[in-house]
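Peer 1:
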Amino acid sequence: MTHIVVATLGYALMLIGFSRGPLYTNPHLVGVLINLVGAFVPFVLFLVAGMRLDGMDDLKGIAWSLAAGVGIAAFTLAMARMFSLGENLGFVTPLVYGGSLLLVTTVGALLFRERVGLLQVGGLVLIVIGIACVAAGKHQATSVGG
1 MTHIVVATLG YALMLIGFSR GPLYTNPHLV GVLINLVGAF VPFVLFLVAG MRLDGMDDLK
61 GIAWSLAAGV GIAAFTLAMA RMFSLGENLG FVTPLVYGGS LLLVTTVGAL LFRERVGLLQ
121 VGGLVLIVIG IACVAAGKHQ ATSVGG
């Protein structure tokens, strides 16, 4: 449970910083700095641990890690650009993360045969409803505001 709290707080801090940084400096620089710090800290921990591999390190794990890196790069560039254009944190974040949750759950179920229970499906339906509400709210605010 501690890891969930730390991950949630860390991600929230990242998103808040991410949404503000591109308003004051080049969005690509913001992306570079986020990724440098995000890569440097785990790398230092890897070095401190004596660069020990745990026996599970193989090419498949490295390939998945590289794929994740490509995903982070695409995410960073897209998010930095949206925030530099003045997009709202409360609009972008729910859409990106809600959509991501739907996508990764579907991939997990179809490709990795992870079980998705009825309550999880209900939660995913609520995410779709939430995304629709956020999008409708943005549209309504844009229509009313001009």
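In terms of UniProt numbering, the sequence shown is residues 1 to 146.
Quick reminder that beta carbons are idealized off the backbone N, C-alpha and C, glycines included.
Report the rounded CA-to-CA distance for VAL70 versus PRO94, giving the unit in angstroms.
Peer 2: 22 Å
Peer 1: Inspect the beta-carbon positions of ALA80 and GLY10 and report whether they are closer than 7 Å.
Peer 2: Going by C-beta atoms, ALA80 is not nearer than 7 Å to GLY10.
Peer 1: Just to confirm, are residue 147 and GLY123 a CB contact at a threshold of 7 Å?
Peer 2: The structure shown does not extend to residue 147, since the chain spans only 1 to 146, so no value can be given for it.
Peer 1: Over the uninterrupted alpha helix (DSSP H) stretch that includes ASN35, give me the two end residues.
Peer 2: 27-48
Peer 1: Start and end of the alpha helix (DSSP H) containing PHE75?
Peer 2: 59-84
Peer 1: For PHE91, report the span of its alpha helix (DSSP H) as first-last.
Peer 2: 89-111
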